[in-house]
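Protein sequence lines, in the order shown, are assigned to chains A and B. Per our numbering: the first sequence = residues 1 to 114. Per our numbering: the second sequence = residues 1001 to 1112. I have placed the structure first, in the form of C-alpha cells, so that the comments after it can refer back to it.
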Amino acid sequence: DAGVTQSPTHLIKTRGQHVTLRCSPISGHKSVSWYQQVLGQGPQFIFQYYEKEERGRGNFPDRFSARQFPNYSSELNVNALLLGDSALYLCASRVRDSLLYGYTFGSGTRLTVV
Amino acid sequence: GEDVEQSLFLSVREGDSSVINCTYTDSSSTYLYWYKQEPGAGLQLLTYIFSNMDMKQDQRLTVLLNKKDKHLSLRIADTQTGDSAIYFCAEGWYSNASKIIFGSGTRLSIQP
C-alpha cells in the first residue's frame, strides 16, 4: 500500500509568489491535515479537512488556504510568499475524523522562499 | 493554554535505556502521543496513551503519564542505533479532533 504521498518534494520560490502543494492520502483515508514544520521546531497545525469540509484551522494568516477533492486528495495554497514561509510542509491522513485513529504523515514538501 | 515542552537533546549509549520527557499545560487533553522523525522523513506514530491511563507498554517502549504534574515520558529499552531520531510529544483533544499540538522535539543520539 502506498503511504501518504506529497508533491513536489522540494520547491524554491521567490517572495511574493504563490505556491500549491499537493497531497494524496492513503487509500480509504478521508481525513487530511496540513502542518508546517519550521527547522528546529515541532509541526504547527494549519488545516484539517474531512469529507471535503474544513474541520479545523490553525493560527495562520488568510494567505494560507486549502481544499479537499472528491477523491480525498488535498491542496495547500499559499499566496504572497514571505521568507518566513520557508519550512517543511507535512500532510497527514487518517481513516476517520477521530482521535482514535492515528495520523500517518507523508515525507513532506520542503519549501524555500528566497 | 496549549503548550508542549521537551528538552532539545538526549545522548545515550547503545544498549542503555533512553528516557525522553515532556510536559504539557492543558490538562483537558484526551490523548497524548509520541512520534518519531528520522532525517528527511515524515513523522511516524510510535504510541499513544489515553489521559485516563498511567502507563502503556509496547515492546521496547514504555509510556508513563503523570496527570497531576502534566508530565509524559517515553522510555526506550535497549536503545539501538536505529533509534536515532527526533522524538515529538503531542497532545490531542476529543472535543477538537482536528488539532494536535506538538512539542519542539528531542533529538536522541546514540553513542557506540
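A virtual CB, placed ideally from N, CA and C, is assigned to each residue, including glycine. Keep in mind it's a predicted model, so treat the numbers as computed, not measured.
Around the C-beta of residue 1091/B, are 16 or more other C-beta atoms found within 10 angstroms, so that it is buried, or is it exposed? buried
Would you call the region 34-41 of chain A and the region 77-90 of chain A in contact, with 3 or more CB pairs under 8 Å? yes
Inter-residue spacing [alpha-carbon to alpha-carbon] between residue 1076/B and residue 16/A: 45 Å
Within this structure, are the beta carbons of residue 48/A and residue 1098/B separated by less than 9 Å? yes
For residue 1066/B, which of 1094/B, 1051/B, 1014/B, 1006/B has the nearest alpha-carbon? 1051/B
Closer than 8 Å, Cβ to Cβ, to anything on chain B: give me those residues from the region 53-70 of chain A, in chain order. 55, 56, 58
Give me the Cβ distance between residue 109/A and residue 9/A, rounded to the nearest whole Å; I'm assuming they're in contact under 8 Å. 6 Å
Contact list for the region 1046-1076 of chain B against chain A, Cβ threshold 8 Å: 1048
Contacts of residue 1036/B in chain A (Cβ-Cβ under 7 Å): In chain order: nothing, as chain A lies at least about 11 Å away.
Determine, for residue 35/A, whether the minimum Cβ-Cβ distance to residues of chain B falls below 9 Å. yes
Using a C-beta cutoff of 9 Å, does residue 1024/B count as contacting chain A? no
With three or more C-beta pairs closer than 8 Å as the rule, is the region 56-73 of chain A touching the region 1002-1020 of chain B? no
Below 7 Å on C-beta distance, what does residue 1020/B contact in chain A? Here the premise fails: no neighbours, minimum Cβ distance about 13 Å.
So residue 1029/B packs on residue 1093/B, CB below 8 Å; how close in whole Å? 6 Å
Chain B contact for residue 2/A (CB, 9 Å cutoff): no
Please check if any C-beta of chain A sits within less than 9 Å of the C-beta of residue 1082/B. no
Going by the DSSP bridge assignment, what does residue 1102/B pair with across the sheet? 1090/B
Could you compute how far the alpha carbon of residue 76/A sits from the alpha carbon of residue 1088/B? 24 Å
Residue 74/A to residue 41/A, Cα distance in whole Å? 24 Å
Which chain A residues are close to residue 1015/B, counting only those with a beta carbon under 8 Å from its beta carbon? By Cβ distance, chain A contributes nothing, its closest Cβ being about 29 Å from residue 1015/B, past 8 Å.
Output, in sequence order along the chain, the residues in the region 81-94 of chain A whose CB is closer than 8 Å to any CB in chain B. 90, 92
Can you tell me whether DSSP reads residue 1081/B as helix, strand or coil? helix
Compare the C-beta of residue 104/A against all C-beta atoms of chain B and say whether one is closer than 9 Å. yes
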